[in-house]
Amino acid sequence: MSDLASLTNSGPKQQRIARPERPERRQARAGMVLFAPALVLLILILIVPVGVAALLSFTDYTLGRPSIDWVGLRNYIDIFTGSSYRKMIVATVLYVALVVPASVFLGLGAALLIRSLNVGQSFYKTVYFLPVMASLLAMAIVWEFALHPTLGIVNRTLAMGCGTPLELWSWFARSCVDGFPLWLGDRDYALYTLAFIGIWQSFGFNMVLYLAGLTSVPTELYGAAAMDGVKRGWERFRLITWPMLGPTTVFVVTITMIRSFQVFDTVEALTHGGPAKSTYVMIYAIYEKGIAQNLVGLGAAITILFLAFVMLISVAQRRFVERKVHYQ
Amino acid sequence: MATIQFRDIRKSFGDTDVLKGVGLDIADGEFLSLVGPSGCGKSTLLRILAGLESQTSGSVRIGGTPVDGLHAADRDLAMVFQSYALYPHLSVAENIAVPLTMRRLSNAQRLPLIGRALPGSRTTRAAIGTTVREAAEMLDIAHLLDRKPGQLSGGQRQRVALGRALVRDPSAFLLDEPLSNLDAKMRVHMRAEIAQLNRKLGATFVYVTHDQAEAMTMSDRIAVMMEGELLQVGTPDALYDHPEDIRVAQFIGSPAINILPVDTDASGTIRLCDMATGLRASGPPIEHLGVRPEAFVPCEEGELVVGRVRMIENLGSDLFVHLDAAGVPMPVTVRLPSSARGRIKVRDVMRLTATPARICGFDSAGKAAPVSAHDKAHDKAHDTAHDKVARHV
Chain S
1 MSDLASLTNS GPKQQRIARP ERPERRQARA GMVLFAPALV LLILILIVPV GVAALLSFTD
61 YTLGRPSIDW VGLRNYIDIF TGSSYRKMIV ATVLYVALVV PASVFLGLGA ALLIRSLNVG
121 QSFYKTVYFL PVMASLLAMA IVWEFALHPT LGIVNRTLAM GCGTPLELWS WFARSCVDGF
181 PLWLGDRDYA LYTLAFIGIW QSFGFNMVLY LAGLTSVPTE LYGAAAMDGV KRGWERFRLI
241 TWPMLGPTTV FVVTITMIRS FQVFDTVEAL THGGPAKSTY VMIYAIYEKG IAQNLVGLGA
301 AITILFLAFV MLISVAQRRF VERKVHYQ
Chain A
1 MATIQFRDIR KSFGDTDVLK GVGLDIADGE FLSLVGPSGC GKSTLLRILA GLESQTSGSV
61 RIGGTPVDGL HAADRDLAMV FQSYALYPHL SVAENIAVPL TMRRLSNAQR LPLIGRALPG
121 SRTTRAAIGT TVREAAEMLD IAHLLDRKPG QLSGGQRQRV ALGRALVRDP SAFLLDEPLS
181 NLDAKMRVHM RAEIAQLNRK LGATFVYVTH DQAEAMTMSD RIAVMMEGEL LQVGTPDALY
241 DHPEDIRVAQ FIGSPAINIL PVDTDASGTI RLCDMATGLR ASGPPIEHLG VRPEAFVPCE
301 EGELVVGRVR MIENLGSDLF VHLDAAGVPM PVTVRLPSSA RGRIKVRDVM RLTATPARIC
361 GFDSAGKAAP VSAHDKAHDK AHDTAHDKVA RHV
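Protein sequences, first through last, are from chains S and A.
Numbering-wise, the first sequence is residues 1 to 328 according to UniProt numbering.
Numbering-wise, the second sequence is residues 1 to 393 according to UniProt numbering.
Next comes the structure, spelled out in structure tokens:
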């Protein structure tokens with residue numbers, strides 16, 4: 001032991017006397033010291049909890065019970081065989097598949113339209129950005145009122161269309177007779193209604209990202225395109241705007257995907273996963289199993305599954321950025 | 001191939017008049033440089049010609065046809081931008097092909113995937129490929145066709161931009177400071193290459209630059225612009241030897257022309273610092289004399305300027321001597337042959353003269369005015385006066 005101590009103590013010292021340490025080495029060591037607190041924090045608050053969740057997902061742990069039993073893959077088997085868990089995957093994927101393209105393209109469209117304005121740019125920016133700034137939970141309550149089957153402004157507005165040419169639309173005509181949908185209370189409509197609120201809430205954010213992306217497109221490119229014979233706006237968009245926004249689009253899609261995978265507040269406030277588990281999205285399932293029903297093991301397994309999804313998206317994004325849309 | 005005419009072009013952005021009535025005729029196949037300090041409106045004039053901006057008033061004709069209100073794409077012009085403006089996501093070959101695909105392929109044929117399957121698309125695309133390759137070979141960039149602009153050096157990007165301009169065989173080329181992003185050596189090289197291209201293609205070139213050396217070396221004619229006005233249009237020689245405006249004289253030539261403030265008395269005698277110069281104004285009174293550094297000749301007597309050497313710049317081929325001269329606020333620069341090396345030292349007194357033919361006179365408005373040699377009778381007085389000054393400095 002003393003040998004070892006003398007080795008570690010005198011070793012570097014002797015070296016220092018024999019040959020002055022290179023500044024790079026000294027800087028590297030200082031760098032390690034400065035970066036250590038961040039590393040420790042990262043491990044403590046990110047890596048360790050994920051590891052614990054991964055371990056718990058193989059147990060039947062519940063809060064307060066003294067014993068823990070190792071159940072192997074049973075929680076995962078439950079997820080992939082149980083019907084409510086299948087509904088969870090379907091609801092989550094469907095929600096993401098609806099919200100991501102809609103809010104990305106609406107965001108892009110709004111950004112392009114706002115950029116083309118001569119006056120009132122900041123007015124429209126503010127209007128579209130309002131839902132992003134507002135608390136979604138508070139907005140969810142507003143939506144709950146608006147979508148109330150009988151008293152809500154949505155159905156009452158729709159009812160005013162009865163007796164007009166709108167009835168040529170068969171869905172509309174049927175609704176005028178049988179009553180308009182319950183929206184959040186109907187399992188055929190609930191998820192779509194939540195997706196609509198999700199789009200309404202998130203496209204303003206995408207619009208701001210696209211507006212930032214648009215400012216980085218060099219205007220000389222549009223001049224060059226005009227000289228090269230590009231006359232129509234669509235051609236200009238295809239030749240310059242869309243490719244130049246590539247990095248922005250990858251970022252916007254990734255962010256929107258992760259955010260819509262995480263949808264929770266509207267579900268908790270408006271549907272509680274129902275009706276008939278049609279809006280039983282992942283984060284809500286984690287909350288319900290892990291917190292509400294105290295099935296921590298099962299909740300942990302869903303969490304791990306959720307993390308796997310998010311990881312997959314991030315890896316795909318990195319690959320995509322490296323391979324396709326990075327020009328400089 | 002086309003002539004270009006500007007008629008009384010005006011352009012204002014809000015309250016600022018950028019162009020104040022510019023009229024200019026450019027001949028077919030001519031290499032014309034628009035030169036002037038930054039902010040003089042030269043780029044705006046070029047962009048108006050290109051159709052990227054519209055003039056407030058006035059008209060532009062290309063090949064005799066008015067093009068006002070015509071879209072840039074329909075003017076049959078090609079432009080090279082200062083930043084090259086290459087499409088960063090397209091390869092070099094695709095970049096050069098853009099002007100051809102936009103014109104030769106129909107909207108449907110340009111569609112991704114399906115477009116390639118449409119009738120006629122393949123043969124047209126093959127023809128475009130051949131034309132692109134020819135253009136690339138002409139500019140010596142055929143080996144770069146598969147690269148992206150991001151992987152190219154500045155000089156190579158410049159060539160790609162030129163390739164994209166000439167692939168379509170347009171009636172005129174517009175070049176907006178195309179060399180300003182290159183290093184000094186590359187700039188000299190591309191200067192020669194662009195001038196050669198003009199001769200080879202026989203097309204009209206309109207070249208915008210702030211660098212008078214580029215304009216002097218490449219152009220058939222130069223148009224000097226300042227503060228939104230054309231000051232003078234002429235051959236490089238005419239601009240250099242006979243500037244019509246003192247600002248043109250000062251802008252053209254490096255090192256800059258020497259401007260000597262003078263007075264003209266009632267008899268027309270021009271006096272520098274109250275000393276007769278041996279020159280007289282044969283037109284309006286002269287306020288400034290302009291003498292090129294190489295027009296000065298050292299002399300023993302009868303000098304125009306006398307001064308003390310402040311600094312000597314040895315360029316090997318030439319010697320630039322800077323003098324502090326009496327009555328001249330700025331140091332006077334003299335260009336001497338290399339044979340004068342070692343014969344002049346700092347703080348020496350130098351007497352300089354110049355033949356009247358190489359002296360430019362400018363009146364109070366800064367416009368050129370004729371200067372001629374004074375008759376003999378005054379010479380004696382002038383000599384003694386100058387001796388006094390020489391002792392003084």
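Glycine is no exception: its CB is placed at the ideal position from the N, C-alpha and C atoms.
The structure displayed is predicted, hence computed values, not measured ones.
Linking Asn155 (chain S) to Cys162 (chain S) through their CA atoms gives a straight-line distance of about 11 Å.
In the structure shown, Trp169 (chain S) falls within a coil segment according to DSSP collapsed to helix, strand and coil. Non-local beta-carbon contacts of Val96 (chain S) in its own chain, meaning distances under 7 Å to residues more than five positions away in sequence, involve Met257, Ser260 and Phe261 in chain order.
In the pairwise beta carbon analysis, the segment 198 to 209 of chain S is classified as touching the segment 130 to 149 of chain S: at least three pairs are separated by under 8 Å. Ile96 (chain A): member of the alpha helix (DSSP H) spanning Val92 to Arg104, first to last residue. Between Ala226 (chain S) and chain A, the shortest Cβ-Cβ separation is below 7 Å.
Collapsing the DSSP output to three states places Thr219 (chain S) in a helix.
When the Cα atoms are used, Ala249 (chain A) and Thr209 (chain A) turn out to be separated by approximately 17 Å. Bounds of the beta strand (DSSP E) holding Phe362 (chain A) are Ile359 to Phe362.
Taking C-alpha positions only, Tyr284 (chain S) is separated from Asn206 (chain S) by approximately 24 Å.
Secondary structure at Gly234 (chain A): strand, using DSSP grouped into helix, strand and coil.
Counted as a single uninterrupted DSSP element, the stretch harbouring Phe58 (chain S) is not any beta strand (DSSP E), since DSSP gives it neither H nor E.
DSSP places Thr16 (chain A) within a strand segment (E or B) once states are collapsed to three.
The alpha carbon of Ser57 (chain S) has as its nearest neighbour, out of S:Ser314, S:Phe309 and S:Ala300, the alpha carbon of S:Ala300.
With its beta carbon at least 7 Å from every one in chain S, Pro356 (chain A) lies outside the interface. For the segment 97 to 130 of chain A, the residues whose beta carbon sits under 7 Å from a beta carbon of chain S are, in order, Val98, Pro99, Met102 and Arg103.
When beta bridges are read from the DSSP output, Ser57 (chain A) appears opposite A:Arg10. Taking 4 residues as the shortest admissible run, the segment 85 to 150 of chain S contains the following complete alpha helix (DSSP H) segments, listed from N- to C-terminal end: 121 to 133 and 136 to 146. Taking a cut-off of 8 Å on C-beta distances, the segment 314 to 323 of chain S does not touch the segment 167 to 177 of chain A, as fewer than three cross pairs fall below it.
Under DSSP, Asp25 (chain A) shares a beta bridge with A:Gln5. Think of a sphere of 7 Å around the beta carbon of Val230 (chain S): the chain A residues whose beta carbon falls inside it are Ala73 and Met102, in chain order. When CB distances to chain S are screened at a threshold of 8 Å, the residues of the segment 42 to 57 of chain A falling below it are Arg47, Ala50, Gly51 and Leu52, in chain order. Residue burial is scored here from C-beta neighbours: Leu113 (chain S) has fewer than 16 other C-beta atoms within 10 angstroms and is therefore classed as exposed.
Gly107 (chain S) and Ile45 (chain S) have their alpha carbons spaced roughly 34 Å apart.
Chain A places no beta carbon closer than 7 Å to that of Leu298 (chain S), leaving this residue out of the contacts.
A contact between stretches requires three or more CB pairs, one per stretch, nearer than 8 Å, and the segment 163 to 171 of chain S fails this requirement with the segment 239 to 255 of chain S. Look at Glu244 (chain A) here: in three-state DSSP terms it is coil, with no helix or strand label. Just measuring C-alpha positions, the residue of A:Glu287, A:Gly361 and A:Lys42 sitting nearest Leu24 (chain A) is A:Lys42. Contact check between the segment 81 to 88 of chain S and the segment 179 to 199 of chain S: fewer than three CB pairs, one atom from each, fall below 8 Å, which does not count as touching. For His322 (chain A), the enclosing beta strand (DSSP E) has its first and last residue at Asp318 to Ala325. In chain order, Pro218 and Glu220 make up the part of chain S whose C-beta sits under 7 Å from the C-beta of Ser83 (chain A). Within 10 angstroms of the beta-carbon of Lys277 (chain S) lie 16 or more other beta-carbons, which makes it buried. Around Gly316 (chain A), the same chain offers Ser338 as residues with beta carbons nearer than 8 Å, after the five sequence neighbours per side are excluded. Looking at the DSSP output, Gly307 (chain A) bridges to A:Ala325 and A:Met350. In the DSSP assignment, the residues bridged to His288 (chain A) are A:Pro261 and A:Phe362.
Between His89 (chain A) and chain S, the shortest Cβ-Cβ separation is below 7 Å.
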